[in-house]
Each structure stands twice: as structure tokens, then as C-alpha cells.
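Visitor: Numbering (the working numbering), first residue to last: 11 to 353.
I have a structure I would like to understand better, so I am pasting it below and will then ask my questions one at a time.
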Amino acid sequence: MQALIGWILAVTVVLAAGPVLAQLCEPGVTPTVPTARFTTHTDGTVTDSTTGLTWMRCPQGQHWDGATCTEGRAWYMMNSWDDAMRGLARKPVRYGGHEDWRLPGLEELRTLVDLTCRDPATNAEVFPNTGSWNFWTATSSEWNDAYAWRIDFATGRENADLKLTSSYHIRLVRGTFIPPAQEPRLEFVEVTPVVRQIDSIHDPASEALGTLQDPVEATSTFPRSSAGTVDWVRTLQAGIIEPRTTVSGDGPPMAELDFTIVMAETREMPYVRFPHKAHTQWLDCSNCHPAIFVPQAGANPVNMGAILQGEFCGRCHGRVAFSVFECERCHNVMHRDAPERWW
């Protein structure tokens, strides 16, 4: 299956993952996703007799070796929702003699969640060696189309996250689509007005404090990156927004540090350029040092595996800053062994 995921190599960063931890299940409790429900096939797929859906036993990035989903030399991959959907639309995955594989809907992926187990919360016999990871669904949030639903297979919990910046794993399915049940609607009731308090973040005098503004609408005129996301550095440089050190804006200006670090341990990828100026226009030194980055040469083993697990640059990027899959934003210093410039 690893050979079938070339459609996302251009937008996906890969990393070697550690061993999958032992699954924990409630003793003496009947599983909600029993093995007997599935018919296994020799090509690394299973068919669910309850739903009629056929699933790949391995997530995208792992390989079926005839008995399990390989680890060790296997590569685990994460994608933003937009990258995954665009990749499937551009080049369908061909596997097991079929090319109608797709991202499952929320109701479909829920059928694999076994709440009697955790780490992972699924049938580990049917889906062996699977990680306790977040998996995307194809279902957008009914409340805000900028968000899509995902399921955390460590616990089985669900949440809707930003499509452009959140990065999760993918398990593909084929078969008749199960329409998602309507999301529960919020019920608005009369409440006693709350006295606004100064919280060091929001301006209590602003009428906008009580207004819910759609982020897509609010940023529709902002400069965009090659991936279609807001380029916040260019937005700031254009004077469209202005960071403040205090809520009122009467504090000292941001303490900008105008020097750049170049990280050369990138193998065949272009070197990484880390511009302090672009970061200190937003952040204070204490936001990153020493909790995220130790201010000492050689003390920070930065690598893509750690970043994708939320360490180092991953504390912000893919969450509140641009996605780690916009490779050229960081890998932009060419060298002799680097591939041709793609941006």
C-alpha cells in the first residue's frame, strides 16, 4: 500500500514512528466491534457485514505484509483535511483491484470505534498494529464549514478541527456512503448578562467581544500562501494587522530580533531557514525559551517526527500557525543535494 500513496508525497511529511503501545480493554465486557462482524481478505482489506463497507486494514503510510500492518521501516503519514481531499480527487488510490477508495464520513468511521477498549479504541485484531491516533473524516461541521470532524482512536472521542491547519491520519474505505446523522443543534436560552472582566486578552470595551465572527469571512481579504491559507507574516508586513503587547495598545513595541538561523541537517531537502524576526513580531522570547527551545546550540534535537507529534515547531504550527505541510515556508535554502526548487 505504501506505493499507492504517491499522490500525497508532495504535501505530506513522513516520519518513523515508535512502537504501538499495548491495548487496554475492559475485562469481561463484550466488545462493541467484534471480530466476527468482519470478513478478512488476502489483500489487506476487510468487509463489515453490518455496514457493507470495505476498509483498508492499515492506515495510509503503513503496509500490509500478509499478517499485519508493518512497523519498523513503515512510514506514518499525517495530512491536513484539505490536502487529503484534494489528493484523493486529483489521483484516486488504486488498491485491491479498486480505485473508489475515499475518506470515510463521521458516521462510517464511528462504526470502527470500540468504547470497551482504548489505545487504540478499535478492534486490534481486525486492524492490527494500529496507532492511537487522530483520524480525519470527510464530514464538515454543520456549524462552520472551515472545520471537519475527526476521531481520536486513543479514546474514541470526536471533535471538529480546522481543515487547513490540523494534521491527522487517514484510513480509507469503499462502499455505499452512509449519510451522517444531523449534528445536535445548540439551543439558545435567555441568560443573565455577565459583567465583562479584563482578562489581558480581550478588550472589554469592544462591542465585538460578544460577536461570533466566521474566521473565513474575517480573513477573506488577507494575503494567502501557496496552500491557500492566510500568510500571517505578509498580513502583518502589509499593515493589515498589528500585534499588541497590551490589550489597550499603549504598551511598548514588540522587541524584534532580526537574525536568522539556518538548519542544515535536512538530508536531500533544502535547508531550513528560521527567521527570528518573523517570530518575534508576534511572540516574546519567553513564549518559546526555555520551555519549547533550550537557548543553547545543539540542545534541541529538532526533527519532523517530533514536530508532527506536537514538539518544537509543532507546538504552534499545524495548530495556530501555518501547516507543517507547507514545506517551502521553512525548507527554502537550496544546496547542492537538494531537489529542484518546487515553489
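Glycine included, each C-beta is placed from N, C-alpha and C at the ideal position.
(1) Alpha carbon to alpha carbon, how far is Thr290 from Phe48? Give it in angstroms, no decimals.
(2) Keeping to the same chain, check which residues put their C-beta closer than 7 angstroms to that of Gln264; ignore five residues upstream and five downstream.
(3) So is Phe269 buried or exposed if we call it buried at 16+ other beta carbons inside 10 Å?
(4) When you compare only the Cα positions, how much space is there between Trp153 and Ala309?
(5) What residues match up with Leu113 in a beta bridge as DSSP calls it?
(6) For Phe137, I'd like the list of residues in its chain whose CB is within less than 6 angstroms of its CB, leaving aside the five on either flank, ordered along the chain.
(7) Suppose only complete runs of 3+ residues qualify. What are the beta strand (DSSP E) ranges in the stretch 260–311, listed by chain order?
(8) Counting beta carbon pairs with one atom in the stretch 171–187 and one in the stretch 85–99, are three or more of them shorter than 8 angstroms?
(9) Using beta carbons (cut-off 9 angstroms, strictly below), is Thr175 in contact with chain C?
(10) Give me the Cα-Cα distance between Trp74 and Ala288, rounded to the nearest whole angstrom.
(11) Quick check on the DSSP output: the alpha helix (DSSP H) that includes Ala99 runs from which residue to which?
(12) Need the endpoints of the beta strand (DSSP E) that Ile161 sits in, please.
(13) Between which two residues does the alpha helix (DSSP H) harbouring Thr52 extend?
(14) Report the three-state DSSP secondary structure of Trp352 (helix, strand or coil).
(15) To the nearest angstrom, how far is the alpha carbon of Val343 from that of Met279?
(16) Buried or exposed: where does Asp58 fall if 16 or more other Cβ atoms within 10 Å of its Cβ makes it buried?
(17) Is Gln319 helix, strand or coil by DSSP?
(18) Straight-line CA distance for Arg120 to Glu36?
(19) Let me confirm a value: Asp155 is counted as buried when at least 16 other C-beta atoms fall within 10 Å, else exposed. Which label applies?
(20) Mapping DSSP to helix, strand and coil, what is Val226?
(21) Determine the DSSP secondary structure at Met314, reduced to helix, strand or coil.
(22) Please confirm if the stretch 121–141 is in contact with the stretch 93–110, defined as three or more CB-CB distances below 8 angstroms between the two stretches.
(23) Hey, Thr55 and Thr61: beta-carbon distance below 9 angstroms or not?
(24) Counting pairs of Cβ atoms below 8 angstroms between the stretch 160–174 and the stretch 128–145, do you hit three or more?
Guide: Considering the structure as presented:
(1) Numbered from its first residue, the sequence shown carries residue 48 at position 38. Numbered from its first residue, the sequence shown carries residue 290 at position 280. Here the alpha carbon of Phe48 sits roughly 54 angstroms from the alpha carbon of Thr290.
(2) Translated into the one-based positions of the sequence shown, residue 264 becomes position 254. In the sequence on display, residue 264 carries Met and not Gln. Counting only Cβ-Cβ distances below 7 angstroms, and skipping sequence neighbours, we find Pro253, Thr255, Thr290, Gln291.
(3) Mapped onto the sequence shown, residue 269 falls at position 259. Exposed, by the Cβ-count rule.
(4) For this step, residue 153 is matched to residue 143 along the sequence shown. For this step, residue 309 is matched to residue 299 along the sequence shown. Cα-Cα distance, rounded: 44 angstroms.
(5) Taking the sequence shown and counting its residues from 1, the one referred to as residue 113 is at position 103. Paired residue(s): none; Leu113 is not in a bridge.
(6) Here residue 137 is taken as the residue at index 127 of the sequence shown, counted from 1. Arg67, listed in sequence order.
(7) 270–273, 281–285
(8) Touching, yes.
(9) The chain inventory of the structure shown lacks chain C, comprising one protein chain alone.
(10) Within the sequence shown, numbered from 1, the residue matching residue 74 stands at position 64. Within the sequence shown, numbered from 1, the residue matching residue 288 stands at position 278. Computed Cα separation, rounded: 43 angstroms.
(11) In the sequence shown, counting from the first residue as 1, residue 99 sits at position 89. That run of the alpha helix (DSSP H) goes 91–100.
(12) Locating residue 161 in the sequence shown gives position 151, where the first residue counts as 1. Where Ile161 is concerned, the enclosing beta strand (DSSP E) stretches over 157–162.
(13) Taking the first residue of the sequence shown as position 1, residue 52 is located at position 42. Taken as a continuous stretch (DSSP letters only), Thr52 belongs to no alpha helix (DSSP H), as it is neither H nor E.
(14) Position 342 of the sequence shown, counted from the first residue, corresponds to residue 352. Coil, per DSSP.
(15) Locating residue 343 in the sequence shown gives position 333, counting from the first residue. Locating residue 279 in the sequence shown gives position 269, counting from the first residue. Looking at the two C-alpha atoms, the distance is approximately 9 angstroms.
(16) Taking the first residue of the sequence shown as 1, we reach residue 58 at position 48. The residue in question, Asp58, is buried, as its Cβ has 16 or more Cβ neighbours within 10 Å.
(17) Indexing the sequence shown from 1 puts residue 319 at position 309. If DSSP states are grouped into helix, strand and coil, Gln319 belongs with coil.
(18) Working through the sequence shown from its first residue, we reach residue 120 at position 110. Working through the sequence shown from its first residue, we reach residue 36 at position 26. C-alpha separation (whole angstroms): 19 angstroms.
(19) The residue labelled residue 155 in the question sits at position 145 within the sequence shown. Exposed: under 16 other Cβ atoms inside 10 Å.
(20) One-based indexing of the sequence shown puts residue 226 at position 216. Looking at Val226 - three-state DSSP - the assignment turns out to be helix.
(21) Working through the sequence shown from its first residue, we reach residue 314 at position 304. The answer is helix: DSSP assigns Met314 an H, G or I state.
(22) As far as the Cβ criterion goes, the stretch 121–141 does not touch the stretch 93–110, which means the pair count is below three.
(23) Translated into the one-based positions of the sequence shown, residue 55 becomes position 45. Translated into the one-based positions of the sequence shown, residue 61 becomes position 51. Not closer than 9 angstroms, so no.
(24) yes
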